[in-house]
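Participant: Residue numbers (the working numbering): -8 to 371.
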Amino acid sequence: MKLFSKKNKPQYAAVQTASGKNQYSHPFSCLDRYKAVAEREMYKSLREAVPVIDAALSKIVRLVGDFKLTTDNPKTDALLKDFKANVKVGATGLGLNSYLDTYLNDLLTFGEAVGEIIPSRDFSGVEALYNGSMDDVELKEGSSPLDIRVCLKGIGEEKELPFQELITVSLLSPESGKLQGTPLLRGLPFVSSVLLKIFGSIGKNFDRIGNIRYAVTYKPQEGGFANPEERAKLIANEWSKAMRDTSGVYDFVCVGDVDIKVIGADNQELECEVPIKHILEQIVSKLCIPPFLLGLSWSSTERMSSVQADVLTSELEYFRSVLTPIIKKICSVHLRLKGINTAVNVEWDNITLMDEVELANSRLINAKAEKVEKEMEEKA
């Protein structure tokens, strides 16, 4: 009797949108797709470098909310509910929501997103979903401007994928006449680079404060010591010993006109609070997230907060409208493979920001209370 049975191989078709390693590619093949790849790498670096941007996009993905799949048949509704919760996504994900979170994250960051519907080997339903990378595929115009064909990048001309009906593609606010989406981060690289320069200079200033440099000036007087050069070397050696000694207090005693100053102590520190606030205002206005949801304690009335929440709600409704066709396509393919031909309705949950607003307001009230307490302590 066998204690361990042999594991069955996954019963689903192969992924076609993932590019394999090409050993015959020339060393400068990145030049073939330099512009698009460079933009995507820039937007990735932008999210990593500026935490406010990454936090805003992550909140948008979470605030889009959940949905319910319905049809005209209760049994089909139960089938879709099970599919929504248990469909395999990539190597480790589970559930349609997991697929849509990654899909929307790519759509917001790069303006484009691609995915693949993977049927089971016996074509009895959708076995898995796969989030593709736009670095591996290229969008081409088909027989008409209304037809989008997804091609796999390779040596020379791109190869059109054979099963286009199993591929999901979305473009965010595409430009007229172009198969190219508009990233939500467009317009932010310049202001973000200025912000990083300010933070970089602040970091260098604190490095200098933690590692102070001194200017020791010896002014020999007329009729003084016979050899001022040797005396200057002696002062320099003693000062170096004093700076190197970390075991305790080291006295530095000298005779004559010796001036000791900290290098850069007379410089005026640049004001950075105002420019940083202006830059963050530009970033927040582009990302459509109210500042109080990002921990920015700017002055804001209750009326203004409610208006900002309404604006965010309209933005979330737009992102939902982009995801709805993708959800319907995936579910329709799953039902057709099971022999069911019926329309699928996507019912989104109501967008309620009350919890987020109340939490942010409580944090704002606590911050104001701490500020008042500090002012009272300073006056006392």
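Think of the CB as a built atom: it goes at the ideal place given N, C-alpha and C, for glycine as much as any other residue. On a predicted model such as this, the values are computed, not experimentally measured, just so you know.
Spell out a yes or no on whether the region 184 to 193 and the region 156 to 168 are touching, meaning 3 or more CB-CB pairs, one atom from each, closer than 8 angstroms.
Facilitator: Three or more Cβ pairs closer than 8 angstroms define a contact, and the region 184 to 193 falls short of that threshold against the region 156 to 168.
Participant: With DSSP as the reference, label leucine 95 as helix, strand or coil.
Facilitator: helix
Participant: If distances are taken between C-alpha atoms only, which option among Leu85, Ala76 and Ile158 comes closest to valine 128?
Facilitator: Ile158
Participant: Let's see if you can read the secondary structure: which residues bound the beta strand (DSSP E) around threonine 67?
Facilitator: Element bounds for threonine 67: not the beta strand (DSSP E) but the alpha helix (DSSP H), 65 to 77.
Participant: Please classify leucine 261 as buried or exposed, where buried requires at least 16 other C-beta atoms within 10 Å of its C-beta.
Facilitator: exposed
Participant: Between which two residues does the alpha helix (DSSP H) harbouring lysine 268 extend?
Facilitator: 264 to 278
Participant: Quick one: grab the DSSP three-state call for leucine 85.
Facilitator: strand
Participant: Please give the ranges of any alpha helix (DSSP H) in the region 24 to 56, keeping only runs that are unbroken, at least 4 residues long and fully inside the region.
Facilitator: 25 to 40 and 42 to 54
Participant: If you reduce the DSSP assignment to three classes, tell me which class arginine 142 lands in.
Facilitator: Position check: residue 142 holds cysteine in this sequence, whereas arginine was assumed. Three-state result, cysteine 142: strand.
Participant: According to the neighbour-count rule (16 or more other Cβ atoms, all chains shown, within 10 Å of its Cβ), is glutamine 299 buried or exposed?
Facilitator: buried
Participant: How should glutamate 369 be labelled, buried or exposed, when 16 other C-beta atoms within 10 angstroms of its C-beta is the threshold for buried?
Facilitator: Under this definition glutamate 369 is an exposed residue.
Participant: Are there three or more Cβ pairs, one per stretch, closer than 8 angstroms when the region 39 to 54 is compared with the region 83 to 98?
Facilitator: The region 39 to 54 makes contact with the region 83 to 98, as at least three CB pairs between them are under 8 angstroms.
Participant: Consult DSSP for phenylalanine 58 and reduce its assignment to one of helix, strand or coil.
Facilitator: strand
Participant: Within its chain, find whatever has a CB closer than 7 angstroms to the CB of serine 323; leave out the 5 residues flanking it on each side and keep chain order.
Facilitator: Val335
Participant: Is the Cβ-Cβ distance between proline 180 and leucine 37 less than 9 angstroms?
Facilitator: yes
Participant: Have a look at the DSSP bridge pairing and note the partners of valine 105.
Facilitator: Partner(s): Val160.
Participant: Who pairs with proline 110 in a beta bridge, going by DSSP?
Facilitator: Val117
Participant: Beta-carbon within less than 8 angstroms of asparagine 88's beta-carbon, same chain only, minus the 5 sequence neighbours each way: which residues are those?
Facilitator: Asp57 and Lys75
Participant: Taking the alpha-carbon positions, what's the glutamate 151 to glutamine 273 distance?
Facilitator: 41 angstroms
Participant: Using only CA atoms, which one of Arg311, Leu285, Ala371 and Val313 lies nearest to asparagine 352?
Facilitator: Nearest to asparagine 352 by C-alpha distance, out of Arg311, Leu285, Ala371 and Val313, is Leu285.
Participant: State the Cα-Cα distance for the pair aspartate 340 and aspartate 301, rounded to the nearest angstrom.
Facilitator: 16 angstroms
Participant: May I ask whether a heavy atom of the ligand SAM can be found less than 8 angstroms away from the beta carbon of glutamate 229?
Facilitator: With respect to the ligand SAM, the structure offers nothing, as it holds no ligand at all.
Participant: Looking at isoleucine 317: is its Cβ nearer than 9 angstroms to the Cβ of leucine 91?
Facilitator: yes
Participant: Among residues of its own chain, excluding the 5 on either side of threonine 333, which ones have a beta-carbon nearer than 8 angstroms to its beta-carbon?
Facilitator: Thr62, Asp63, Asn64, Thr67 and Leu326
Participant: Can you tell me whether DSSP reads aspartate 340 as helix, strand or coil?
Facilitator: coil
Participant: Quick check: the Cα distance between asparagine 122 and glutamate 156, rounded to an integer number of angstroms?
Facilitator: 15 angstroms
Participant: Are the beta-carbon atoms belonging to glycine 102 and arginine 177 less than 9 angstroms from one another?
Facilitator: yes
Participant: On the DSSP bridge list, what partners appear for tyrosine 209?
Facilitator: Note: tyrosine 209 is bridge-paired with Val249 in the DSSP secondary-structure output.
Participant: Would you mind sorting isoleucine 251 into buried or exposed? The rule is 16 or more other CB atoms within 10 Å of its CB.
Facilitator: It counts as exposed.
Participant: Run through the DSSP bridge pairs and tell me what lysine 131 is partnered with.
Facilitator: Arg140
Participant: Could you pull the DSSP bridge partners for valine 80 from this structure?
Facilitator: Gly84 and Leu120
Participant: Starting from the C-beta of isoleucine 139, find all residues in its chain whose C-beta is less than 8 angstroms away, skip the five residues before and the five after it, and write them out in chain order.
Facilitator: Leu130, Lys131, Glu132, Gly133, Val160 and Leu170
Participant: Would serine 16 be called buried (16 or more neighbouring beta carbons within 10 Å of its own) or exposed?
Facilitator: Summary for serine 16: the model assigns pLDDT 42, below 50, so the residue's position carries little reliability, and this model does not support an answer.
Participant: May I ask you to report which of helix, strand or coil DSSP gives glutamate 151?
Facilitator: strand
Participant: Is threonine 333 helix, strand or coil by DSSP?
Facilitator: coil
Participant: Which value, in whole angstroms, describes the spacing of the CA atoms of glycine 145 and serine 124?
Facilitator: 14 angstroms
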